[in-house]
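Inspection log for the structure reproduced underneath, given as structure tokens.
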Amino acid sequence: MRDRYKDMWEQVREREGSSDALEQMLDGIYEEANESFRFTGCCRQLESDRNSLLAWRCPTWYKKRKIDELEREFQREKERFLCKYTVMRYLELTGKL
1 MRDRYKDMWE QVREREGSSD ALEQMLDGIY EEANESFRFT GCCRQLESDR
51 NSLLAWRCPT WYKKRKIDEL EREFQREKER FLCKYTVMRY LELTGKL
């Protein structure tokens, strides 16, 4: 299933085209979104799960596999959050929301 925010983000990029001012604004929004993601419950929970797994006594290969799964989940959640945040913030700043 495709993420609707990723689709919205692609539509915004296609519709608005490219300009230096737009790129600077989007870079700023993206940095803001990245910083905000660090404080989400999802990010904190995934970090906690990873740390717990590292402290757990189990075979190294099992830890590596589980950590890889957590990392993939983390990246999916982060990408979704960044797309959603960037689209919503862009629409808010441009008055299109």
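Residue numbers 1 to 97, in the UniProt record's numbering, belong to the letters of the sequence shown in order. In this text, a Cβ means the ideal position worked out from N, Cα and C, and glycines have one as well. From a predicted model like this one, the values you see are computed outputs, not experimental measurements.
query                                                                                                                                           : result
Which residue marks the beginning of the alpha helix (DSSP H) containing PHE81, and which one marks its end?                                    : 60 to 94
With three or more beta-carbon pairs closer than 8 angstroms as the criterion, would you say the segment 75 to 89 touches the segment 12 to 32? : yes
Whole angstroms are fine: how far does the CA of ARG4 sit from the CA of GLN11?                                                                 : 10 angstroms
Is the separation between the beta-carbon of LEU54 and that of LYS66 shorter than 7 angstroms?                                                  : no
For ALA33, does the count of other Cβ atoms within 10 angstroms reach 16, so buried, or fall short, so exposed?                                 : buried
With DSSP collapsed to three states, give me the class of residue 98.                                                                           : The structure shown does not extend to residue 98, since the chain spans only 1 to 97, so no value can be given for it.
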